[in-house]
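Working notes, structure below.
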Amino acid sequence: MAQAADKIEFVNGTELDGKILQIRKADKEFDFETDIGGRTISRTYPYDKVHAVTFGGKRFVITPKTTASTASSSANSDPNQLNRSRGEVLQIIQQAGQQPPSWLASTPMNHPASLDLSWPLKPGGPWNESKNVGQYIWGRVNPNPGRWHSGIKLVHQCINQHQNDPKLLKRDFEKLGQMYFELLQDYPRAAYYMKLAGAAPDKQLGVHLAECYWRLGNKSMALQALAGRSIHFDAIKLLGDMGEVDRAVRLTAAYANSNFFNEAFLNAGDALRNAGRYDEAIQYYQRILDLDRARNAEYKKRYHGRARDAIQAIRLFDKVDVTKIADGTYQATATAYAGPLTVDVIVADARIESVKVVKHKDKQFYAALTDTPRQIIEKQTVKDIDGTSGATITSQAIITATAMALGKGSNP
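Residue numbers (the numbering used here): 253 to 664.
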């Protein structure tokens with residue numbers, strides 16, 4: 253892509269360089285093209301999520317930050333700084349669920365005509381992204397931000413067709429809640445559909461619902477949503493993010509002798525690492541290497557790669573002082589979900605100026621490729637970075653690779 257001439261400044265503080273393709277004033281949205289991870293992608297952004305744009309060399313303020321106090325924009329700020337009552341959170345969720353997003357009606361449907369919109373619970377035959385809705389979402393929608401809105405609209409259409417089939421409807425609600433959560437970080441709408449699906453804490457969706465409550469400003473609701481005899485291992489990382497690190501460690505113990513110990517120990521290590529308890533974090537990462545087993549060789553390679561990379565990053569944390577790093581571009585690679593992930597880090601005038609993912613294989617990265625680098629630049633550190641919802645593995649890989657890259661420029 254040619255050198256970026258345009259820029260978006262989002263209400264939540266994120267900035268993105270690229271090119272404005274089309275502006276639809278009547279719909280209060282515009283299409284924007286950018287280069288992420290070596291891939292050119294386009295996505296539609298509503299005005300209410302954008303603070304300002306630089307277009308044609310001129311800067312225009314769209315949504316003043318002083319008035320950007322809606323739930324959707326504040327949900328991306330530090331949840332621990334919000335303080336909403338249970339009634340306020342439930343009201344936000346209900347209002348969002350009953351009102352479609354502003355972009356939905358104008359979003360064109362662009363799925364293959366061969367797609368089977370009956371979307372059976374157990375599709376027969378080989379993997380076919382041109383026939384099965386779930387496989388189409390996984391393989392073509394999730395990896396392509398330009399398809400996120402149309403993919404969500406497709407599930408809304410399936411809901412309309414499945415009104416008389418409770419099992420299909422429940423699955424549709426689960427998928428829609430997951431997509432609003434992972435793709436758009438629209439926590440009110442995500443929670444609305446997760447609640448309709450009956451999300452429980454022993455499933456990943458139930459942990460996501462708890463995170464919605466937390467990000468909307470009520471930690472006690474999140475903790476209540478995680479109450480139960482059986483809790484999914486993804487809750488370990490969420491509990492750590494919420495500051496409940498000791499409870500996260502206790503939950504990890506329940507998975508120590510299970511088939512999910514690798515996932516649990518990685519989550520515990522990440523929670524402890526973010527809490528600054530580095531020695532304990534290393535112990536959990538090391539246990540993965542010592543136990544040396546997984547469901548197959550490929551998964552073991554992934555788990556071991558992530559554990560080794562995390563240990564190396566932690567050992568660099570206290571050595572990485574950006575004020576002592578020479579100006580330049582530093583590159584490093586860490587293990588993500590589907591393989592290596594490489595970042596370029598630019599340091600100038602004792603500051604981290606840029607963190608870019610230049611190569612990766614992850615398909616389910618969601619917003620991690622822009623959100624995690626943005627946090628690193630804002631905080632000027634690789635410590636205490638909040639993983640992107642639903643894409644924690646990709647986020648942690650970016651953090652780890654950035655620490656390794658900065659370590660290359662640190663004085664011995």
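A virtual CB, placed ideally from N, CA and C, is assigned to each residue, including glycine.
Requested in this report: From the DSSP output, in three-state form, read off residue 507 for me.
Outcome: In the structure shown, residue 507 sits in coil (DSSP, three-state: anything other than H, G, I, E or B).
Query raised in the report: Are there three or more Cβ pairs, one per stretch, closer than 8 Å when the segment 361 to 371 is compared with the segment 445 to 453?
Result: no
Query raised in the report: Between residue 491 and the rest of its own chain, which residues show a CB-CB distance below 8 Å, the 5 nearest in sequence each way excluded?
Result: 478, 497, 499, 500, 503 and 523
Requested in this report: Could you tell me if residue 528 is buried or exposed, where buried requires 16 or more neighbouring beta carbons within 10 angstroms of its beta carbon?
Outcome: exposed
Query raised in the report: Quick one: any contact between the segment 258 to 277 and the segment 301 to 308, if contact means 3 or more CB pairs under 8 Å?
Result: yes
Query - Contact set for residue 371: own chain, Cβ-Cβ below 6 Å, skip 5 residues either direction - result: 385 and 410
Query raised in the report: Ordered along the chain, which non-local residues of its own chain (more than five positions away) have a Cβ less than 7 Å from that of residue 556?
Result: 540 and 541
**Report entry** Neighbourhood of residue 615 by C-beta, 8 Å cutoff - its chain only, sequence neighbours within 5 removed
**Finding:** Result list for residue 615: 390, 391, 394, 395 and 590, in chain order.
Report task. Please go through the same chain and pick out, in chain order, the residues whose beta-carbon is closer than 8 Å to the beta-carbon of residue 314, but skip the five residues on each side of it. Result -> The answer, listed in chain order, is 299, 302, 303, 304 and 305.
Query raised in the report: Is residue 270 helix, strand or coil when you go by DSSP?
Result: strand
Report task. Would you give the residue range spanned by the alpha helix (DSSP H) that residue 472 belongs to? Result -> 471 to 477
Query raised in the report: When you compare only the Cα positions, how much space is there between residue 254 and residue 342?
Result: Any answer about residue 254 is weak, because its pLDDT of 42 lies below 50 and its placement is not dependable; what the coordinates show is given next. Cα to Cα, the separation comes out at about 45 Å.
Query raised in the report: Can you name the start and end residues of the beta strand (DSSP E) that residue 259 belongs to?
Result: 258 to 262
Query raised in the report: How would you call residue 379, buried or exposed, if buried means at least 16 neighbouring beta carbons within 10 angstroms?
Result: exposed
Report task. Give the single residue among 543, 281, 398 and 388 whose Cα lies nearest to the Cα of residue 427. Result -> 388
Query raised in the report: Excluding five sequence neighbours on each side, which residues of the same chain lie with their C-beta closer than 8 Å to the C-beta of residue 658?
Result: So the list reads 568, 572, 574, 577, 582, 597, 599, 604 and 634, once near-sequence residues are dropped.
Query raised in the report: When the distance is taken between beta carbons, is residue 358 closer than 9 Å to residue 276?
Result: yes
**Report entry** CB of residue 518 within 9 Å of CB of residue 562, strictly
**Finding:** yes
**Report entry** Cβ shell of residue 271 (< 6 Å), same chain only, five flanking positions each side left out
**Finding:** 258 and 285
**Report entry** Residue span of the beta strand (DSSP E) that contains residue 605, given as start and end
**Finding:** 603 to 611
Query raised in the report: With burial defined as no fewer than 16 other Cβ atoms inside 10 Å of the residue's Cβ, what is the status of residue 419: buried or exposed?
Result: exposed
Query raised in the report: From residue 440 to residue 434, what distance separates their C-alpha atoms?
Result: 12 Å
Requested in this report: Please classify residue 312: is it buried, with 16 or more other beta-carbons within 10 angstroms of its beta-carbon, or exposed?
Outcome: With fewer than 16 Cβ atoms within 10 Å of its Cβ, residue 312 is classed as exposed.
Query raised in the report: Where does residue 303 sit, in a helix, a strand or coil, going by DSSP?
Result: strand
Query raised in the report: Which of the three DSSP states, helix, strand or coil, is assigned to residue 433?
Result: helix
Requested in this report: Specify the secondary structure class of residue 500 as computed by DSSP and reduced to three states.
Outcome: helix
Query raised in the report: What is the C-beta distance between residue 526 and residue 493, in whole angstroms, given that I count them as a contact (C-beta under 8 Å)?
Result: 7 Å
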